[in-house]
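Visitor:
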Amino acid sequence: MKTKWMKMLAIVVLALGVMTPASGFAADNSKKAIDEKLGVPIVVYGANLSADEKESVKKSLKVKDEPEIEEITVSGSDLVKYIKDSNSSSRMYSSAKITRKDAGKGLVIEIVTPENITQVTAEMYANAMLTAGIEDATVQVAAPKAVTGHSALVGIYKAYEVTTGETLDMERTDVANEELSVATSIAESSGVEDAKVAELLTEIKKEIAELNPTSREEVQQIVEGQLSKLDIKLSEQDRQLLVDLMDKISKLDIDFSKWSEQLDDISNTLKEKFDALMENEGFWASVKNFFANLKETVSSWFN
């Protein structure tokens, strides 16, 4: 009987080992240093957050983990500054933390409260930011309650200008906002998955960067080709929205040779997400099988 209980104890310890992340056993005693070259992270809060909601956002963005930060607020007046024909009375809740990176590091976007950002995906943010002229940064987005996530982009614009001292081109920020709206609209109206829409936008923009089309007809050919390649079916209205958007993007003052490299990064991120999903499915299937076998083994000891 004692031997059976020892076996049971060993099995339970093994099970706990399977379910506990390895990182839990190693304490990270390293301290974050202030980046004296690129500056400290900037946290931008939606102006309509209540005091409790702001504290929730701070926790989600791990503000206290930073040795030093700069904090600013984004409001409807900023919305008007970066996006033409917008409403200055718009309520702003989604917030973000932006950290500059060295040139060539690309964009890394993380939505830390995915349950509260209901429409915009990390790849949609990355695509729009690239269109707006934002490169080489790590951005984390958070909201204390369910919102679409559109206002976070305006906050990112403001934070980027503060941290770099640069002034973004309003024509590009306006088109970037349109891109975000078209992306979320297509995902909602067509039933196409968000990740698939992000992939579509990325691949169209990559081809525009490579071919440098000079007419709307050439842009339309690129759009139609990618829709066919990715087997995405859109209504005529959505197709025209997409062509209109990409035609505007093709006419922006952009260094397309440099742009192409950053778009490759977004493509690779999408692929890694899909691969990770498949790996996770395999992991959880193995955990399920483990406990099924565990149940059978323990039962056999008492039969």
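Residue numbers (the numbering used here): -7 to 295. Beta carbons: idealized from backbone N, C-alpha and C, even for Gly.
1) In angstroms, rounded to a whole number, what distance separates the CA positions of Asp128 and Gly96?
2) Which runs of the beta strand (DSSP E), 3 residues or longer, sit entirely within the region 53 to 114?
3) Three-state secondary structure (DSSP) at Ala134?
4) So the alpha helix (DSSP H) Val139 belongs to, where does it begin and stop?
5) The alpha helix (DSSP H) that contains Ile26, what's its start and end?
6) Taking 7 Å as the cut-off, decide whether the C-beta atoms of Thr91 and Thr130 are in contact.
7) To the nearest angstrom, how far is it from the Cα of Ala179 to the Cα of Val112?
8) Between the Cα of Asn40 and those of Ile34, Pro33, Val49, spot the shortest distance and give me the residue it belongs to.
9) Could you give the DSSP three-state label for Gly38: helix, strand or coil?
10) Quick check on Gly38: buried or exposed, where buried means 16 or more other Cβ atoms within 10 Å of its Cβ?
11) My assumption, with CB atoms under 8 Å, is that Tyr85 sits in contact with Val139. Please give the rounded CB distance.
12) Count the CB pairs spanning the region 139 to 155 and the region 103 to 123 that are closer than 8 Å, and state whether there are at least three.
13) Would you list the residues sitting across from Ala129 in a DSSP beta bridge?
14) Look at the Cβ atom of Ala175, then the Cβ atom of Val189, and state whether they are nearer than 7 Å.
15) Answer yes or no: do Ala114 and Ile34 have a C-beta to C-beta separation smaller than 7 Å?
16) Out of Asp27, Lys73, Thr123, Ser87, which one is the CA nearest neighbour of Ser42?
17) Measure the beta-carbon distance from Asp230 to Ser181 and round it to whole angstroms, keeping in mind my assumption that it falls under 8 Å.
18) Going by CA-CA distance only, name the one from Ile101, Ser67, Lys93 that's closest to Thr156.
19) Is it buried or exposed, Ser242, if we count other Cβ atoms within 10 angstroms and call 16 or more buried?
20) Tell me whether Ser81 is buried or exposed, calling it buried when 16 or more other Cβ atoms sit within 10 Å of its Cβ.
21) How close, in whole Å, do the beta carbons of Asn79 and Leu193 come, if the pair is a contact with beta carbons under 8 Å?
22) Determine the DSSP secondary structure at Asn119, reduced to helix, strand or coil.
23) Does Thr123 pass the burial test, meaning 16 or more other C-beta atoms within 10 Å, or should it be called exposed?
24) Would you give the residue range spanned by the alpha helix (DSSP H) that Ile214 belongs to?
25) Going by beta carbon distance, what residues of the same chain come within less than 7 Å of Ile64, once the five residues before and after it are set aside?
26) On the three-state DSSP scale, how would you describe Gly183?
27) Flag this pair as yes or no: are the beta carbons of Glu60 and Val104 separated by less than 7 Å?
28) Could you check the C-alpha separation between Lys56 and Lys24 for me, to the nearest Å?
29) With the cut-off set at 7 Å, would you say Gly125 and Leu172 are in Cβ contact?
30) Taking only the alpha-carbon atoms, compute the straight-line gap between Ser207 and Lys197 and give it to the nearest angstrom.
31) Secondary structure at Gly147, three-state DSSP: helix, strand or coil?
32) In its own chain, which residues sit with a C-beta less than 8 Å from the C-beta of Val211, not counting the 5 before and 5 after it?
33) DSSP three-state label for Glu158, please.
Guide: In terms of the structure at hand:
1) 6 Å
2) 62 to 66, 87 to 92, 99 to 103
3) Strand, per DSSP.
4) First-last for Val139: undefined, no H or E at that position.
5) Unbroken run through Ile26: none, as it is neither H nor E.
6) yes
7) 10 Å
8) Nearest in C-alpha terms to Asn40, of all of Ile34, Pro33, Val49, is Val49.
9) strand
10) buried
11) 5 Å
12) yes
13) Arg92, Leu99
14) yes
15) no
16) Of the candidates Asp27, Lys73, Thr123, Ser87, the one whose C-alpha sits nearest the C-alpha of Ser42 is Ser87.
17) 6 Å
18) Lys93
19) Buried is the call here.
20) exposed
21) Taking a contact as a CB-CB distance under 8 Å, the pair Asn79 and Leu193 does not count as one, their CB atoms being some 25 Å apart.
22) helix
23) buried
24) 208 to 221
25) Ile34, Val36, Lys150, Ala151, Val154
26) Three-state result, Gly183: coil.
27) no
28) 11 Å
29) no
30) Spanning the two alpha carbons is a distance of roughly 15 Å.
31) Reduced to three states, the DSSP call for Gly147 is helix.
32) Ile200, Pro205, Val235, Met238, Asp239, Ser242
33) coil
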